[in-house]
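Everything on this sheet refers to the single structure shown next.
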Amino acid sequence: MAGSVWVVAEQWQGRLTDITFEALALGREVADGLGVPLEALLLGFQCSSLAGELGCADKVLYAEHPGLKDPVPELHAQALTVLARERRPGNIIVPLTNTTMGVGTLLAKRLAAPGVNFTVDLRVSHGALEARCLLYGGKIQALVRPQGEPAVFGLWPGARSADAGRSVRTAAVEQVAVTLPEDSRVQLKRYIEPEAGEVDLTRQEVLVAVGRGIQSKDNLELAEELAAALGGAVCGSRPVVDQGWLPLARQIGKSGLTVKPKLYLAAGISGAPEHVEGMKDSALIVAVNTDPHAPIFNIAHYGVVADALELLPALTEAVRARKG
Amino acid sequence: MNLVVLMRMVPDVVEELEIAPDGKSLDRDLLRMIPSESDDHALEEALLLKERYGGRVTVLALSAPEVADLLYTAAAKGADRLIELRGVQTGLGVRAAALACADAMTSLAGVLPADLILTGAQAIEDLDGLAAPLLADRLGWPYLGVVTKVNELADRTVTVVKEFPGGFRGEFQMTLPAVLGIQAAERPPRYVPVAKVRAAMKAAKIEVGQAPEPIAAPLAGIDLVELCKPEAAGRAEMLEGAPEEVAGKLCELLAAHGLL
Amino acid sequence: MGISGAAAPACELTLENLFEFPQGRRVLSCIQCGLCAGTCPYGDVMDYPPRRIIAMLRAGLLEKVFQSDGLLACVACYACMAKCPRDIRLTEVLLPLVKEQVFLNLPETPAELHRALENTLRYGNPFGESARKRAAWVKTAGVPIRILPEDPRPVDVLWFVECQNSYHPRGQDVSRATARLFHALGMDFAILGNEEKCAGECARLLGETGLFDTLMDYNMAVFAKYRFNRIVTSGAHAYDAFVYQYPERGFRYIVEQTTPFLARHVDRLRPLLTRKLPYAVTYHDSCCLGRHNGFYEEPRSLLRAIPGVRLLEMTHNRINSICCGGGGGGMWLDTYYKAKGYERLSERRVKEAAATGADVLAISCPYEISRFEDALKVLGYERRMLVRDVTELLAESMEA
């Protein structure tokens, strides 16, 4: 008898994150496909009200413990391990984000179960799950099937739309007990907020994003001029921020912001999943890259194989001419 | 301070990645290996800690083509001890390798006890898990990933900064010894003049360690059905022409979307 | 001719053994006139121009020079060496030795330069593109080009294409033009294709001698695999490396840079140049070809052979030419210079070119195309003036 499908809910600053709902939408699909229940795992401390949002699942298992208040991977993994051993789910979907990094791996190891990383999609095949995983910066895709149950999947953002995982239904909530070590070896001391006084990129309608292809800090000017002409702002991918060409508050992607502007123009950005997850829901995505095989072209609406250093100024001029 | 850095080589994505005829691996003829990017950052962070607190940095690298370059470069940058670990199967998946590494660290003389083990937060072919938490679990040490800064390294604790969404960061205190998954070092990995690397090739010694019997097979419990290039599901509509021409087309597009 | 001197000695010069060699002892004959500092294009920001370096050397204070990063502004343009009344081998010998120490002492290598050097070591080109793509431009050359690794029979001319002209789109234009010219001249030539790697001269001039040595070793081994009579290279810096440094490793081939090579054949080319190009052209003397090796008249004779071309001279021409700023690592230090507030030499030079009223700025060193086209855009002159390699103009004048 196959076990249920579990989706581990993720919280950030007291709210459930989009990926939780994306995972629920996916979990619903595959649970139905397997003919098994879908259960949502809510781990935390004094956050039971969040359970009401998890109606997409058939049931919510709510584990409350002070040790689960902060995002300490090994404590969350331990709680899940204990629960999984008791309840024997068949497939466990764990969001793969900065917040949860390590949880899925630890859980799989402790259950002696296969752990499938970098999952972007799941489907039911021959009564079991098949995962599609993105490797090598998004350039290669692997199709894998775990042998047997339980199996743990680390799910990347974007597998389904978050809306599809929201439901007006209320699922039954069962509070479950977990014991965790008294003294955690890893303790959160404080959060450090991003620098204030910066443009709020999440409110911009137009973003001109630059990546490694911009080649040097100097060339940022080209992006700034275009952004100014379009009435938007400049942002960047991780490499550009790592180099110090843009501040951290301008970083889009996994460790930065998620944005959904009306226009996202990606210049010299290859489109690795870590960046894409931060902008894939933009209304209009235009990508410029010298590499015709750059993964960004798979998620952009329009693409140009060109040197951003040439196209940006040409576009700026055309926009200015048009605006008069 | 005793710092251990675990480094791996992964396929260099600058080269074209082609799938081998069996459909389940990369064509090795076309492959070139490069140190995993976040492992380079882990080494840099370790070297920065050594500069700040003193101590020794041991680099343990899994055997691969051009791994000697990786190790001598590490020595030229300031690593004290170089170990090439053989007998660990690399490639797709890291779980078996990470567990074997943990066992090797225990059995190889003088690697442990250590204060910190640093390795990259993740690598591009980690299909079945992440190295850092696996090492930690096997050794029974605390773990934290996506670390971008070590604020303080004291006798029994380390204070680190981890990245969260939206530009937020979290400061954590961990008991030592600990395993850190480094996302990015506090500054980009340093450049080392080739002359120094060549000098290291003459002066530094690479020890060869043999990993103990693996406790798990690579990709254990997972059937790899196939590798393929991702379908461009909804590939972008490509615009062609000289920059001025394309700029004109884009303007039309933006106007049609009410953006001009 | 110019100031081309004798090739470097068989064994390596270092700061320790400097005075055991004539070039080294000549350093001590410096009269501290300051012509070097005066003529240096970055003389106003250089805290240790050659004059001061020699003064520090004499005072036993050379260590202080190594602690300053000022010499990163040296673009290895040979201006100081050309003007030195004592004929001290500044750019050729003394500066690279001092810059090597400066480079070793840098607390941090500027990011763009760091990447260019790492890429050159790993991929054989500063762009970080796969070595396997080095000969990709050949497919669109329009004429057959033999690639030695695929067809290793003996050949007359080994054409060493160079990095910019292999990977940069504008450089590839120059390569295609060059191939057409070689073909029209009925030359028996071949390229190394993906086995070619950077000759390393700019790494050497910057002070990254380890990288240079590694590349030199590699290239000498590749040359040894094939049989050819001579090397013709599009690279002006590569030319210098082969003529002045590689003999140290046993390099004995005849080598020419494309422009003087084609100039030798101008009489055979002239009847092929049938299309009139009604351009006013001003020629920028490249540092390596011009000041260092004295090839001033050769490119001009080629340009004069093109019907319709009218030659105009910039104020600073021939030995007085102003460097484009790409040598000695300058190619990858623009961000660094900008942060320090230095003017870009390429912009300075382009202003001078525009002042002649010419339609075309003709060049013959691969670094110059992208640097001058960039400068034209920055200054807003891109509609006033085009940048063309001499070979591009020649090929344009040959009927298609």
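Chains as they are written, first to last, in our numbering: chain Z, 2 to 325; chain U, 9 to 268; chain W, 471 to 870.
Ideal Cβ positions, reconstructed from N, Cα and C, are used throughout, including at glycine.
Per DSSP, the continuous beta strand (DSSP E) segment holding phenylalanine 119 of chain Z begins and ends at 116 to 126. With fewer than 16 other CB atoms across the displayed protein chains lying within 10 angstroms of its CB, lysine 609 of chain W is exposed.
The count of Cβ pairs closer than 8 Å, one atom from the stretch 248 to 260 of chain U and one from the stretch 310 to 323 of chain Z, reaches three, so the stretches are in contact. Here alanine 268 of chain Z is bridged, per DSSP, to Z/Val211 and Z/Val289.
Residue environment: phenylalanine 180 of chain U is assigned as buried (16 or more neighbouring CB atoms within 10 Å of its CB, all protein chains considered). Sequence-distant partners of proline 511 of chain W (beyond 5 residues in either direction) whose C-beta falls short of 8 Å from its own C-beta, in its chain, are Val545, Cys547, Ala549, Ile792, Cys793, Gly795, Leu815 and Arg818.
Any Cβ of chain U closer than 9 Å to the Cβ of threonine 484 of chain W would place that residue at the interface, and such an atom is absent. Here the alpha carbon of valine 820 of chain W sits roughly 54 Å from the alpha carbon of isoleucine 125 of chain U. Nearest CB-CB separation between leucine 591 of chain W and chain U: below the 9 Å threshold.
Of all C-beta pairs linking the stretch 215 to 222 of chain Z to the stretch 295 to 315 of chain Z, three or more are shorter than 8 Å, placing the two stretches in contact. Burial is judged here by how many other beta carbons sit within 10 angstroms of a residue's own beta carbon; aspartate 243 of chain Z has at least 16 and is buried.
Scanning its chain for C-beta atoms nearer than 7 Å, with the 5 sequence neighbours on each side dropped, one finds around alanine 212 of chain U the residues Tyr80, Ala83 and Leu90, in chain order.
Contact annotation for arginine 559 of chain W against chain U: no contact, minimum CB-CB distance about 22 Å [criterion: below 7 Å]. When only Cα atoms are considered, aspartate 514 of chain W and glycine 101 of chain U end up about 57 Å apart.
Around the beta carbon of phenylalanine 489 of chain W, a 10 Å sphere encloses fewer than 16 other beta carbons of the protein chains shown; the residue is thus reported as exposed.
The criterion of a C-beta distance shorter than 9 Å is satisfied by isoleucine 701 of chain W and leucine 628 of chain W. Interface annotation, glutamate 23 of chain Z: not in contact with chain U, CB-CB separation never under 9 Å. Straight-line measurement puts the Cα of glutamate 588 of chain W at about 22 Å from the Cα of alanine 809 of chain W. Between the stretch 222 to 237 of chain U and the stretch 128 to 147 of chain Z there are three or more inter-stretch CB-CB distances shorter than 8 Å, so the stretches are counted as touching. Neighbours of proline 195 of chain Z in chain U, taken as residues whose beta carbon is under 9 Å from its own, are Gly174, Gly175, Phe176 and Arg177 in chain order. Cβ proximity to chain Z below 7 Å picks out Ala581 and Glu582 from the stretch 569 to 584 of chain W.
In summary, isoleucine 501 of chain W is exposed, with fewer than 16 beta-carbon neighbours lying within 10 Å of its beta-carbon over all protein chains present.
Contact annotation, proline 238 of chain U with leucine 202 of chain Z: C-beta distance approximately 28 Å; criterion of less than 8 Å not satisfied.
Neighbourhood of proline 238 of chain U in chain Z, by CB distance below 8 Å: Leu135, Gly139, Lys140, Ile141, Gln142, Pro296 and Asn299, in chain order. The three-state secondary structure of alanine 80 of chain Z, taken from DSSP, is helix.
Across the stretch 665 to 678 of chain W, CB contacts with chain U closer than 7 Å involve Glu678, in sequence order along the chain. Residue-level contact by beta carbon fails for valine 75 of chain U and chain W, as no gap is shorter than 9 Å. Shown here for arginine 94 of chain U: same chain residues with a beta carbon closer than 8 Å to its own, the five before and five after excluded, namely Ser71, Val216, Gly217, Gln218 and Ala219 in chain order.
The Cβ of glycine 189 of chain U sits closer than 9 Å to at least one Cβ of chain Z. In this structure, the beta-carbon distance from alanine 507 of chain W to methionine 801 of chain W does not fall below 9 Å. Chain U places a beta carbon closer than 9 Å to that of leucine 231 of chain Z, counting this residue as a contact. Residues of the stretch 779 to 808 of chain W with a C-beta less than 7 Å from any C-beta of chain Z: Asp804, Thr805 and Lys808, listed in chain order. Leucine 249 of chain Z sits away from glutamate 175 of chain Z, with the two beta carbons spaced by 9 Å or more. The beta carbon of alanine 581 of chain W lies closer than 8 Å to those of Thr805 in the same chain, with the five residues before and after it left out.
Ranking U/Ser46, U/His49, U/Ala50 and U/Met17 by CA distance to the CA of glutamate 74 of chain U puts U/Met17 first. At a Cβ-Cβ threshold of 9 Å, valine 154 of chain U and asparagine 92 of chain Z do not count as neighbours.
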